[in-house]
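**Q** For the record, the sequence lines run as chains Z and L.
Just add 51 to wherever you are in the first sequence, counting from 1, and you've got the numbering used here.
Just add 51 to wherever you are in the second sequence, counting from 1, and you've got the numbering used here.
I am attaching a structure below and will ask some questions about it afterwards.
Protein chains: 2
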Amino acid sequence: MNNIVYITAGFGIIGLLFTWWRSVWVANQDAGNERMKRIAGHIAEGAMAFLKAEYKFLFWFILAVAILLAISADSELSHPMVGLSFVIGACCSILAGFIGMRVATKANVRTANAAQKGLNQALKIAFAGGSVMGMGVVGLGVLGLSVVFLIYANIFPVDTKDALTRVITIMTGFSLGASSIALFARVGGGIYTKAADVGADLVGKVEAGIPEDHPLNPATIADNVGDNVGDVAGMGADLFESYVGAIISTMVLGAAFIGAAGFTDNFNGLSAVCLPLAICGAGILMSIIGTLFVRTKEGGNPQMALNMGSIGASVLTIIATYIICKWMLPEQWVFSDPLYGNEEVTYTSTNVFLATIIGLIVGVFIGLVTEYYTAGGKKPVTGLARQSVTGVATNIIAGISLGMMSTAIPMLLIAVGIYASFECAGLYGVAMAGVGMLSTLGIQLAVDAYGPIADNSGGIAEMSRLPKEVRGRTDKLDSVGNTTAAIGKGFAIGSAALTALALFAAYMQQTQLSSIDISKANVISALFIGAMIPFVFCSLAMGAVGEAAMDMIQEVRRQFNNIPELSAALAVMKRNPGKKEDEFSEADRQIFNAADGKAEYGKCVAISTAAAIKKMVLPGLMAVLIPAIVGFAMGTEALGGMLVGVTASGVLLAIFQANAGGAWDNAKKMFEEGVEINGVKYFKGSDPHKAAVVGDTVGDPFKDTSGPSLNILIKLMAVVSLVLAPLFA
Amino acid sequence: MNNIVYITAGFGIIGLLFTWWRSVWVANQDAGNERMKRIAGHIAEGAMAFLKAEYKFLFWFILAVAILLAISADSELSHPMVGLSFVIGACCSILAGFIGMRVATKANVRTANAAQKGLNQALKIAFAGGSVMGMGVVGLGVLGLSVVFLIYANIFPVDTKDALTRVITIMTGFSLGASSIALFARVGGGIYTKAADVGADLVGKVEAGIPEDHPLNPATIADNVGDNVGDVAGMGADLFESYVGAIISTMVLGAAFIGAAGFTDNFNGLSAVCLPLAICGAGILMSIIGTLFVRTKEGGNPQMALNMGSIGASVLTIIATYIICKWMLPEQWVFSDPLYGNEEVTYTSTNVFLATIIGLIVGVFIGLVTEYYTAGGKKPVTGLARQSVTGVATNIIAGISLGMMSTAIPMLLIAVGIYASFECAGLYGVAMAGVGMLSTLGIQLAVDAYGPIADNSGGIAEMSRLPKEVRGRTDKLDSVGNTTAAIGKGFAIGSAALTALALFAAYMQQTQLSSIDISKANVISALFIGAMIPFVFCSLAMGAVGEAAMDMIQEVRRQFNNIPELSAALAVMKRNPGKKEDEFSEADRQIFNAADGKAEYGKCVAISTAAAIKKMVLPGLMAVLIPAIVGFAMGTEALGGMLVGVTASGVLLAIFQANAGGAWDNAKKMFEEGVEINGVKYFKGSDPHKAAVVGDTVGDPFKDTSGPSLNILIKLMAVVSLVLAPLFA
């Protein structure tokens with residue numbers, strides 16, 4: 052049966068080879084003129100500076116946790132090697148983010164350059180960049196887990212159920228590494244991007260009156276770097292941890308089947324452990340095939356092309372999943388579940404397949420609901436635009452109200468998904484539903500990561516003063532694939548909930564808890580504390596954005612006042628309101644040009660970096676330490692209660708924030724395109740538009756800082772509990 | 052032992068006699084000049100119009116639910132009489148709100164009039180008004196429950212444990228009546244007050260440019276009515292249901308002790324059932340004594356006076372509680388708890404007393420935390436004011452962040468409170484902790500209700516053009532007692548959480564569930580759904596405020612355009628910007644005076660009323676129907692899971708919204724008094740102040756509509772489950 056793992060390792064390698072191939076192809080495209088290259092260079096440099104600072108902190112964090120794990124895990128149920136798993140998982144996560152950002156900072160300028168020729172060529176480069184990220188993440192995930200499994204299976208004599216369980220316990224460290232790095236990356240990246248964004252806007256646009264993405268603004272580069280470290284590197288690490296978490300939790304739960312009557316493989320149940328790896332491995336192949344569908348002729352519909360790729364890959368993966376379930380699992384097997392008083396339950400391969408598909412269906416529906424609540428032109432966002440007419444206050448109230456309402460159907464879908472997949476195949480079924488959502492992550496993430504690349508290419512086009520139609524094309528690129536991206540978000544949220552539950556179930560299995568009874572005082576107390584944590588976490592993240600933005604504002608003000616060339620150029624702009632550079636007088640143009648390159652972008656980058664690194668520590672450590680404290684102080688059952696509290700309120704706040712933020716953003720965009728309300732047509736610059744801009748700014752940390760971090764938080768706390776389970780037991 | 056209940060009924064009657072006495076005293080005070088009387092008359096009329104419309108809807112609701120209950124409760128465990136309990140509970144709740152509002156609409160104008168003479172006399176009337184409400188609520192609560200208990204104890208032969216349990220089951224209908232009316236009153240009142248407030252401000256102040264509380268504004272009266280129906284009648288019904296819920300849930304849990312070894316009363320445990328009634332009865336007496344401490348000489352400190360009253364009553368109640376526990380309960384008794392595998396647990400009267408005190412302490416600390424996060428001048432609100440300098444967006448983000456952070460300590464306190472009181476005396480201890488918080492409700496509520504009366508008196512002083520120093524005195528009155536009111540809020544939140552849990556425990560006892568295991572798929576699914584409900588509920592409430600405000604805006608605009616005298620008077624005001632009425636030319640003054648009384652206040656009142664009644668139905672029915680649906684469809688254990696989800700996320704959202712709203716309000720007030728930030732002093736009308744005003748408007752529905760309703764929602768859903776429990780079993 053180990054053969055399967057060799058094969059999945061092969062799939063991982065194929066994913067990475069594809070990553071390498073596409074990444075070389077992107078690098079070989081033309082990066083445009085000198086100005087474009089210089090700007091792109093600044094962005095790439097800034098991004099690297101952030102990563103370097105982040106890695107410096109993470110090095111010590113990884114070292115400390117690895118040592119602690121190695122020391123504390125020295126027991127019969129675990130092994131110091133869990134520290135090694137942690138280091139490998141953390142490194143894979145870092146690598147996933149690094150690969151994605153490396154290619155994104157190359158693809159952005161090349162997309163901008165290609166957009167000068169046409170839409171199709173630009174789409175090709177942006178999507179290639181995205182697929183490097185996508186396949187990099189899934190390739191590293193499947194390869195990393197397979198290799199770790201093979202190593203331990205060779206080191207430890209895996210001959211009994213207990214021995215195998217121990218190997219998988221040691222493997223959980225991998226997931227812990229991935230999750231903790233992801234949380235830091237998401238929180239740090241989220242703080243970085245929003246601090247730079249808000250800072251650049253407030254001093255640049257509002258105080259100094261210069262346009263967005265203007266090279267005179269010292270925070271402009273930091274703003275564009277932010278898009279890369281937040282939306283690309285952050286997202287890469289984020290989905291890497293989702294993917295790994297879903298697989299690992301299923302493996303732990305699968306290990307319970309070992310020895311169950313019905314299995315015929317050489318280990319009587321190892322196939323259930325390897326199943327998620329095999330399905331995800333097949334998913335890599337199908338995602339690669341899917342990317343080949345993403346082609347369009349000039350004048351064709353790029354949206355169609357992206358949809359074809361996703362749908363094609365999904366259909367292929369469903370077929371593959373059916374074949375793999377039927378091939379790897381016995382027709383049926385009988386298992387005495389210790390969770391249910393050792394009652395005998397019969398599982399079938401068909402039902403496991405069904406559970407997996409249920410995950411997929413739930414994810415698609417959550418995505419559609421997400422799109423309904425956040426897409427411009429649909430009823431909710433149109434209503435939000437209407438509420439902007441009476442001012443900022445009504446816009447904010449309506450946005451919060453919209454976000455809260457948008458939690459209803461996704462939560463019901465998640466509840467139904469849990470219930471239905473449990474009916475199919477117990478907790479293993481719930482875990483497989485999570486795997487089902489993420490099995491085509493390769494192509495999903497390709498479409499997701501394509502977004503920020505297209506966005507960034509627009510910024511570069513603007514800063515490089517490329518013709519207006521180029522920006523038009525990059526904007527079109529950016530708007531394409533929104534539905535696919537919304538469905539991707541649906542998968543992220545749904546799988547976070549299901550995976551958190553699967554990890555929770557795995558935790559129960561490891562601690563040999565047969566029930567978690569909320570009528571016990573310690574359990575309900577812990578549940579209350581757990582439910583509160585996402586609120587505090589969000590507060591810290593949002594507070595950090597506010598404080599970091601203040602630092603940024605002060606630095607930009609300083610540069611404007613202390614760098615004579617900048618002050619002079621700003622004065623020129625004030626003397627020539629509304630004029631373009633080539634309409635300035637000759638003298639003014641000279642002064643203006645003398646300022647070119649004088650803005651100290653690096654200092655703003657450094658400030659955003661320092662603030663992000665400093666402020667990510669507390670929320671990150673909180674997530675790692677609280678489960679340990681609660682577990683030791685209140686016991687394993689209470690810790691279980693806490694995890695449920697964290698999951699319920701975390702998922703709710705995540706959906707609320709993501710959708711409110713998305714809706715505010717698109718309501719603002721509706722005004723930019725012009726929208727008719729009660730017979731009056733409102734445009735950019737109108738009062739309702741200004742109210743909508745404020746809503747969008749409020750939504751920024753919601754959807755880009757605290758919201759997406761919550762998905763990681765809930766899983767990280769579950770993984771910490773799972774890894775520490777042998778200590779509590 | 053029935054004697055005890057006769058005594059508690061006596062305490063209830065004493066409370067009501069006190070209510071009657073103070074209410075007559077208030078009515079006998081001078082209501083001021085004609086203009087004041089006319090304005091106060093409009094407000095009182097509007098308030099009655101709302102109550103009438105509300106009662107019309109409630110009549111059918113009460114009838115329908117009573118019939119349904121009577122039909123469905125025809126079982127051995129319950130009895131159709133539960134419908135009668137429901138009707139009595141509902142009527143007592145309505146009466147509590149009615150008494151409070153009746154006296155408040157009398158005390159407001161009399162306080163304004165007395166403020167012409169001095170602070171002390173005004174304080175006396177406002178506090179007398181508040182204490183009518185306070186003692187009315189507790190008097191009706193204790194008397195109502197005692198009488199219902201005595202009736203059923205006489206109808207049904209209470210000779211076995213089962214018979215007594217059945218009687219208490221029938222009594223739970225009383226709590227259901229109180230809670231469902233409270234929810235409608237809170238939601239309806241909250242929508243009413245905020246719709247009128249926002250509508251009056253947006254058209255009156257912003258569009259027409261007339262000052263706040265100006266008699267030309269047709270929505271002015273509706274705005275002042277709103278303060279009464281929201282803050283007074285809504286709060287009265289709210290705390291009535293808290294009080295009754297806490298007592299009833301403790302009685303249900305106490306009934307489990309009956310027959311336990313150690314009791315010596317004539318029923319072997321009936322004393323544990325009657326204990327909460329006895330303590331609350333004593334609390335009434337101590338509260339009345341406390342009100343006598345509230346005296347101050349002219350020039351004295353009214354804050355001190357209020358504090359003396361609260362602290363005096365609390366100390367006396369603690370002493371009385373100790374004596375009652377020692378007198379009514381045996382030194383110790385042994386109980387085999389079916390919730391814990393019939394393990395034998397020893398309870399002592401000292402520990403029950405300690406559990407009660409724990410409730411009191413937790414409540415005080417939650418109140419202090421509430422004050423810390425919401426009081427002007429303290430670090431959080433000062434920070435919020437600072438964040439207003441960079442605009443609305445940062446003010447909103449900071450307010451949300453502040454509100455989220457403010458959940459941390461209260462949730463920890465609640466968790467510790469649950470744990471500690473459970474350690475003292477099991478679930479009965481948790482319930483008694485809830486009773487402890489509310490035992491001095493009489494005086495707490497007197498201080499709470501005093502606030503809106505003082506506030507309203509200020510509005511009347513303004514509208515009646517009383518001298519400026521009068522408004523100064525009413526403002527001072529209003530600002531006094533904030534700490535006491537904050538502690539009252541702490542009690543409301545803390546007791547909601549503890550009472551919800553106690554009701555939950557009572558529900559488990561009634562359905563004979565021995566555990567609620569969140570590792571079961573249906574339980575966790577239901578918990579997720581439950582956690583989502585408060586989000587949807589808040590969304591509905593906030594959305595209703597927005598829509599109702601739009602209706603109000605249209606009506607005010609219509610009157611301004613269609614009533615010639617109003618249009619003319621508005622034109623006069625526009626012609627004389629910034630001028631006072633007596634500075635107008637003679638001709639203008641005539642036109643202006645011709646408009647006096649022409650605004651159709653009644654229409655605005657009717658609109659607010661209609662909107663509030665219409666929009667309160669869906670959230671109200673949701674709370675009643677969902678537990679029934681989940682209970683029947685998913686089973687009793689799943690319903691338990693749902694209740695825990697509702698409680699956890701409901702308490703969090705309630706704290707978050709109350710504190711964010713309070714902080715925004717006080718940050719705005721800091722600017723009105725003038726605040727120095729980074730060396731610059733900002734006043735009313737400055738940009739940061741305007742940003743803070745927007746924050747305050749966002750916070751309005753948070754703290755006055757959806758937030759306070761959540762406390763009721765979580766208990767109502769638990770009570771519905773408890774009442775329907777015999778059907779599920």
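We treat Cβ as the ideally placed atom computed from N, Cα and C, and that holds for glycine.
On the three-state DSSP scale, how would you describe residue 680 (chain L)?
**A** DSSP places residue 680 (chain L) in helix when its eight states are reduced to three.
**Q** Could you tell me the alpha carbon to alpha carbon distance between residue 211 (chain Z) and residue 314 (chain Z), rounded to whole angstroms?
**A** Straight-line Cα distance between these residues: approximately 15 Å.
**Q** Cβ of residue 783 (chain L) within 7 Å of Cβ of residue 597 (chain Z)?
**A** Lying before the first or after the last residue shown, residue 783 (chain L) is absent from chain L, which here runs from 52 to 780.
**Q** Buried or exposed: residue 133 (chain Z), going by 16 or more other Cβ atoms within 10 Å of its Cβ?
**A** Buried.
**Q** Just the chain Z side, please: which residues come within less than 8 Å of residue 752 (chain L) by C-beta, in chain order?
**A** 448, listed in chain order.
**Q** If you pair each beta-carbon of the region 727-745 of chain Z with each one of the region 605-625 of chain Z, do three or more pairs fall below 8 Å?
**A** No, because fewer than three Cβ pairs between the region 727-745 of chain Z and the region 605-625 of chain Z fall closer than 8 Å, the two stretches do not touch.
**Q** May I have the straight-line CA-CA distance separating residue 546 (chain L) from residue 131 (chain L), to the nearest angstrom?
**A** Taking the straight line from one Cα to the other gives about 30 Å.
**Q** Classify residue 385 (chain Z): buried if its beta carbon has 16 or more other beta carbons within 10 angstroms, exposed otherwise.
**A** Result: exposed.
**Q** Please work out which residues of its chain come closer than 6 Å, Cβ to Cβ, to residue 183 (chain Z), disregarding the five sequence neighbours upstream and downstream, and give them in chain order.
**A** Excluding positions up to five away in sequence, the list reads 70, 73, 74 and 154.
**Q** Can you name the residues of chain Z whose CB is closer than 8 Å to the CB of residue 304 (chain L)?
**A** Here the premise fails: no neighbours, minimum Cβ distance about 12 Å.
**Q** Hey, how far is the Cα of residue 97 (chain Z) from the Cα of residue 106 (chain Z)?
**A** About 14 Å.
**Q** Starting from residue 432 (chain L), trace the alpha helix (DSSP H) in both directions and tell me its first and last residue.
**A** Its alpha helix (DSSP H) spans residues 430-438.
**Q** Does residue 425 (chain L) get closer than 7 Å to chain Z when you measure Cβ to Cβ?
**A** No, residue 425 (chain L) does not count as interfacial toward chain Z.
**Q** Quick check on DSSP: helix, strand or coil for residue 263 (chain Z)?
**A** The answer is coil: DSSP assigns residue 263 (chain Z) none of H, G, I, E or B.
**Q** At least one CB of chain Z closer than 7 Å to the CB of residue 770 (chain L): is that the case?
**A** Residue 770 (chain L) does not count as touching chain Z.
**Q** How about residue 603 (chain L): is its C-beta nearer than 7 Å to some C-beta of chain Z?
**A** No, residue 603 (chain L) lies away from the interface with chain Z (no Cβ there is under 7 Å from its Cβ).
**Q** Check distances from the C-beta atoms of the region 565-579 of chain L to those of chain Z and list, in chain order, the residues that come in under 9 Å.
**A** Listed by position along the chain: 565, 566, 567, 568, 569, 570, 571, 572, 573, 574, 575, 576, 577, 578 and 579.
**Q** Just checking, does the region 424-435 of chain L make contact with the region 724-732 of chain Z on the three C-beta pairs under 8 Å criterion?
**A** Output reads no: the region 724-732 of chain Z does not touch the region 424-435 of chain L.
**Q** Decide if the region 333-342 of chain Z is in contact with the region 369-379 of chain Z; the criterion is three or more beta carbon pairs, one per stretch, under 8 Å apart.
**A** Contact holds: three or more Cβ-Cβ distances are below 8 Å.
**Q** From which residue to which residue does the beta strand (DSSP E) around residue 395 (chain L) run?
**A** Note, residue 395 (chain L): beta strand (DSSP E), 394-399.
**Q** Could you check if residue 465 (chain Z) is buried or exposed, using at least 16 other CB atoms within 10 Å of its CB as the buried criterion?
**A** Classification of residue 465 (chain Z): buried, given that the 10 Å Cβ count is 16 or more.
**Q** Can you tell me whether DSSP reads residue 297 (chain L) as helix, strand or coil?
**A** Here residue 297 (chain L) sits in helix by DSSP.
**Q** Can you find a C-beta in chain Z that's less than 7 Å from the C-beta of residue 680 (chain L)?
**A** So, not an interface residue.
**Q** Applying the 10 Å Cβ sphere with the 16-neighbour rule, what's the burial state of residue 715 (chain L)?
**A** Flag for residue 715 (chain L) reads buried.
**Q** In chain order, which alpha helix (DSSP H) runs of at least 4 residues are fully inside the region 426-502 of chain Z?
**A** Complete alpha helix (DSSP H) runs here, min 4: 430-438, 443-456 and 459-489.
**Q** Residue 32 (chain Z) to residue 649 (chain Z), Cα distance in whole Å?
**A** The structure shown does not extend to residue 32 (chain Z), since chain Z is modelled only from 52 to 780, so the question has no answer here.
**Q** DSSP three-state label for residue 587 (chain L), please.
**A** Helix, per DSSP.
**Q** Please tell me whether, using a cut-off of 6 Å, the distance from the CB of residue 406 (chain Z) to the nearest non-hydrogen atom of the ligand SAH is below it.
**A** The model on display carries no ligand, and the ligand SAH is accordingly not part of it.
**Q** To the nearest angstrom, how far is it from the Cα of residue 110 (chain L) to the Cα of residue 599 (chain L)?
**A** Rounded to the nearest angstrom, the two C-alpha atoms are 23 Å apart.
**Q** Going along chain Z in order, which residues have a C-beta closer than 7 Å to the C-beta of residue 586 (chain L)?
**A** Chain Z residues near residue 586 (chain L): 455, 458, 703 and 707.
**Q** So what's residue 605 (chain L) in DSSP terms, helix, strand or just coil?
**A** In this structure, residue 605 (chain L) counts as helix in the three-state DSSP scheme.
**Q** Show which residues of chain L have a CB atom less than 7 Å away from the CB atom of residue 593 (chain Z).
**A** 448, 451 and 452, listed in chain order.
**Q** Does residue 475 (chain Z) come within less than 7 Å of chain C when only Cβ atoms are used?
**A** Among the protein chains in the structure shown, which are Z and L, there is no chain C.
**Q** Answer yes or no: does any C-beta atom of chain L fall closer than 7 Å to that of residue 525 (chain Z)?
**A** No, no contact with chain L.
**Q** I'd like the span of the alpha helix (DSSP H) that includes residue 172 (chain Z), first residue to last.
**A** Residue 172 (chain Z) -> alpha helix (DSSP H) spans 170-206.
**Q** According to DSSP, is residue 314 (chain L) helix, strand or coil?
**A** Residue 314 (chain L) falls in the coil class under three-state DSSP.
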